[in-house]
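*Asks:* First residue of the sequence shown? That's 31 in my numbering, and the numbers climb one at a time after it. Starting off with a structure, shown below.
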Amino acid sequence: MQLKAIRKLFEIEKLQSAWNNLLARSASHVPFLRHEYLLTWWKTLGGGEWEHGDLFVIAAFNSEGEPTAIAPIFQTTNLDGKSALMLIGSIEISDYLDVIAPLDLLPRFINSLLEYLSSPEAGDWEVLDWYNLLEDSPSLPLLKQAAQNRGWQYHQERIQPAPAIQLPDSWEAYLASIQKKQRHEVRRKLRRAENFILPVRWYIVEDESTLDSEINDFLQLMAYDPEKNAFLTEVMRTQMRQSIHTAFQAGWLQLAFLTVGDEKAAAYLNFDYANRIWVYNSGINFKFRELSPGWVLASYLIRWAIEHGREAFDFMRGDEIYKYRLGGVDRFVVRVQINR
Numbered sequence: 031m032q033l034k035a036i037r038k039l040f041e042i043e044k045l046q047s048a049w050n051n052l053l054a055r056s057a058s059h060v061p062f063l064r065h066e067y068l069l070t071w072w073k074t075l076g077g078g079e080w081e082h083g084d085l086f087v088i089a090a091f092n093s094e095g096e097p098t099a100i101a102p103i104f105q106t107t108n109l110d111g112k113s114a115l116m117l118i119g120s121i122e123i124s125d126y127l128d129v130i131a132p133l134d135l136l137p138r139f140i141n142s143l144l145e146y147l148s149s150p151e152a153g154d155w156e157v158l159d160w161y162n163l164l165e166d167s168p169s170l171p172l173l174k175q176a177a178q179n180r181g182w183q184y185h186q187e188r189i190q191p192a193p194a195i196q197l198p199d200s201w202e203a204y205l206a207s208i209q210k211k212q213r214h215e216v217r218r219k220l221r222r223a224e225n226f227i228l229p230v231r232w233y234i235v236e237d238e239s240t241l242d243s244e245i246n247d248f249l250q251l252m253a254y255d256p257e258k259n260a261f262l263t264e265v266m267r268t269q270m271r272q273s274i275h276t277a278f279q280a281g282w283l284q285l286a287f288l289t290v291g292d293e294k295a296a297a298y299l300n301f302d303y304a305n306r307i308w309v310y311n312s313g314i315n316f317k318f319r320e321l322s323p324g325w326v327l328a329s330y331l332i333r334w335a336i337e338h339g340r341e342a343f344d345f346m347r348g349d350e351i352y353k354y355r356l357g358g359v360d361r362f363v364v365r366v367q368i369n370r
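Shown next as structure tokens:
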């Protein structure tokens, strides 16, 4: 398998259609590997997470010039101060990352990738440092074997849980699947919202002409949380705005709000992609804490997902307690380091 390193942004920009078509057949098919998402991430280097980086995307191509496998990586100085090859999207704002390749081609591609990285063409790097691969990714045992075959050191560690709900075919079946106490809580909170003195409603943003205003409101709801407010630097706000617009234009944004009277009480920024809901971020107006607006909106969104035939509601990285109370079951993301 012949591999090529792509170091120029304009070359990657030209691959959008072929890139996304390949992703749809990939063993790892997640929104954070979409061409438009990674391109948006690159423009701000993850909302300022990285001070510098050099593109080093490595791909295999067929005779028609279309990519058949892609390792979307870049070279930078990692958190340990080493010259590292990292996955584009690392670390904080991309929940799941991996290489892009069909399952039947994956063993050959990973072996060829490490062979390429051992050649003089790969330049001077110290460590392959990949975050946020799902623990059941088929890439992991292949990376380990390919590294060991070359006498390289392979280290893998769990870094975060990523709870998800496998959705049944009805709302009642979902409620029956969670603990009795939590089932009671969901029903009680929904009843209280529906009987509140002010009208409580929810909606998903569908009008692009209002999107900028809705983004402003979403960021304001996020900023009520001091930790999230500190996270929302100007460059991170730019990153999030661009990512939301990108997802909307590509057709996989689910930005939802819960309103109480004329005020927004809670919001979820999700991705509706590949027949599952990916819960990316959220915000709550603590003025309405008594209504548990986050729980209420999450419940409405789970019911919407069931009614629209989605197969899973993926809370993604983080161990917030509400995820488990709503039925989330842990899986984990890992960090892989390969030292040559």
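Note that beta-carbon positions come from the ideal geometry of N, C-alpha and C, so glycine has one too.
Quick check: what's the CA-CA separation for residue 267 versus residue 347?
*Replies:* The residue you call residue 267 lines up with position 237 of the sequence shown. The residue you call residue 347 lines up with position 317 of the sequence shown. Computed Cα separation, rounded: 20 Å.
*Asks:* Measuring CB to CB, does residue 140 end up less than 8 Å from residue 169?
*Replies:* As a working note, residue 140 is residue 110 in the sequence shown. As a working note, residue 169 is residue 139 in the sequence shown. Their beta carbons are under 8 Å apart, which means residue 140 touches residue 169 by this criterion.
*Asks:* Under the DSSP definition of a beta bridge, which residues are partnered with residue 148?
*Replies:* As a first step, residue 148 is located in the sequence shown; it is residue number 118 there, counting from the start. DSSP, once it has assigned bridges, lists no residue as partnering residue 148.
*Asks:* Answer yes or no: do residue 128 and residue 58 have a C-beta to C-beta separation smaller than 8 Å?
*Replies:* On the sequence shown, position 98 is the one that residue 128 refers to. On the sequence shown, position 28 is the one that residue 58 refers to. Yes. Within cutoff.
*Asks:* Please list, in chain order, all residues of the same chain as residue 161 whose beta carbon is under 6 Å from its beta carbon, the five residues on each side excluded.
*Replies:* Here residue 161 refers to the residue found at position 131 of the sequence shown. So the qualifying residues of the chain are 120, 121 and 365.
*Asks:* Would DSSP call residue 340 helix, strand or coil?
*Replies:* Sequence index remark: in the sequence shown, residue 340 carries index 310 (1-based). If DSSP states are grouped into helix, strand and coil, residue 340 belongs with coil.
*Asks:* Could you tell me the boundaries of the alpha helix (DSSP H) in which residue 221 lies?
*Replies:* Position 191 of the sequence shown, counted from the first residue, corresponds to residue 221. Start and end: 210-224.
*Asks:* Closest by CA to residue 362, which one among 301, 95 and 193?
*Replies:* On the sequence shown, residue 362 is found 332 positions in, with the first residue counted as 1. Ranking 301, 95 and 193 by Cα distance to residue 362 puts 193 first.
*Asks:* Quick one: Cα of residue 61 to Cα of residue 303, how far?
*Replies:* Position 31 of the sequence shown, counted from the start, is the residue given in the question as residue 61. Position 273 of the sequence shown, counted from the start, is the residue given in the question as residue 303. Each residue's Cα considered, the two are about 7 Å apart.
*Asks:* Which class does residue 302 belong to by DSSP, given the choice of helix, strand or coil?
*Replies:* If you number the sequence shown from 1, residue 302 lands on position 272. In the structure shown, residue 302 sits in a strand (DSSP, three-state: E or B).
*Asks:* Any heavy atom of the ligand FMN closer than 7 Å to the beta-carbon of residue 186?
*Replies:* With respect to small molecules bound, the structure shown includes none, and the ligand FMN cannot be examined in it.
*Asks:* State the DSSP-derived secondary structure class of residue 171, mapped to helix, strand or coil.
*Replies:* Position 141 of the sequence shown, counted from the start, is the residue given in the question as residue 171. Here residue 171 sits in helix by DSSP.
*Asks:* Could you say which of 116, 72, 305 and 108 lies nearest to residue 342 if we only look at CA atoms?
*Replies:* On the sequence shown, residue 342 is found 312 positions in, with the first residue counted as 1. Cα-wise, what sits closest to residue 342 is 305.
*Asks:* Helix, strand or coil for residue 137, going by three-state DSSP, please let me know.
*Replies:* Residue numbering aside, residue 137 sits at position 107 when the sequence shown is read from its first letter. Looking at residue 137 - three-state DSSP - the assignment turns out to be helix.
*Asks:* Taking the CB atoms as reference points, tell me whether residue 43 and residue 69 lie closer together than 8 Å.
*Replies:* Working through the sequence shown from its first residue, we reach residue 43 at position 13. Working through the sequence shown from its first residue, we reach residue 69 at position 39. Yes, the pair counts as a contact, with Cβ atoms nearer than the cut-off.
*Asks:* Rounded to the nearest angstrom, what separates residue 261 and residue 271 at their Cα positions?
*Replies:* Counting from 1 along the sequence shown, the entry for residue 261 is found at position 231. Counting from 1 along the sequence shown, the entry for residue 271 is found at position 241. Cα to Cα, residue 261 sits roughly 14 Å from residue 271.
*Asks:* Given this structure, state the Cα-to-Cα distance separating residue 207 from residue 154, to the nearest angstrom.
*Replies:* In the sequence shown, residue 207 corresponds to position 177, counting from 1. In the sequence shown, residue 154 corresponds to position 124, counting from 1. Roughly 52 Å between the two C-alpha positions.
*Asks:* With DSSP as the reference, identify every bridge partner of residue 311, one or two as the case may be.
*Replies:* Reading the sequence shown from its first residue, position 281 is the one you call residue 311. Residue 311 pairs with 299.
*Asks:* In whole angstroms, give me the CA-to-CA distance for residue 156 and residue 48.
*Replies:* Here the question's residue 156 lines up with position 126 in the sequence shown. Here the question's residue 48 lines up with position 18 in the sequence shown. Using only the alpha carbons, I get a separation of about 31 Å.
*Asks:* Going by C-alpha to C-alpha distance, which of 308, 203, 94 and 290 sits closest to residue 298?
*Replies:* Against the sequence shown, residue 298 aligns to sequence position 268. Closest option to residue 298, Cα to Cα, is 308.
*Asks:* Alpha carbon to alpha carbon, what distance is there between residue 77 and residue 133?
*Replies:* For the purposes of this step, residue 133 is taken as residue 103 along the sequence shown, with counting starting at 1. For the purposes of this step, residue 77 is taken as residue 47 along the sequence shown, with counting starting at 1. Straight-line Cα distance between these residues: approximately 32 Å.
*Asks:* Might you give, ordered along the chain, the residues of its own chain that have their beta carbon closer than 8 Å to the beta carbon of residue 219, omitting 5 neighbours on each side?
*Replies:* Taking the sequence shown and counting its residues from 1, one reaches residue 219 at position 189. Result list for residue 219: 321, 322, 325, 326 and 329, in chain order.
*Asks:* Excluding the five sequence neighbours on either side, which residues of its own chain have a C-beta within less than 6 Å of the C-beta of residue 37, listed in chain order?
*Replies:* If you number the sequence shown from 1, residue 37 lands on position 7. Excluding sequence neighbours, residue 37 sits near 85.
*Asks:* Cutting at 6 Å between CB atoms, please list the residues of its own chain near residue 151, excluding the five before and the five after it.
*Replies:* For this step, residue 151 is matched to residue 121 along the sequence shown. Excluding residues within five positions, none has a Cβ falling inside 6 Å.
*Asks:* Starting from the N-terminal side, write out each stretch of the beta strand (DSSP E) that is 3 residues or longer and does not extend beyond the region 78-123.
*Replies:* Listed in chain order, they are 87-91, 97-101, 103-107 and 113-117.
*Asks:* Measure the C-alpha to C-alpha separation of residue 254 and residue 314 and round it to an integer number of angstroms.
*Replies:* In the sequence shown, counting from the first residue as 1, residue 254 sits at position 224. In the sequence shown, counting from the first residue as 1, residue 314 sits at position 284. Approximately 7 Å between the Cα atoms of the pair.
*Asks:* For the alpha helix (DSSP H) that residue 268 lies in, which residues bound it at each end?
*Replies:* As a working note, residue 268 is residue 238 in the sequence shown. Segment 264-280, the alpha helix (DSSP H) holding residue 268.
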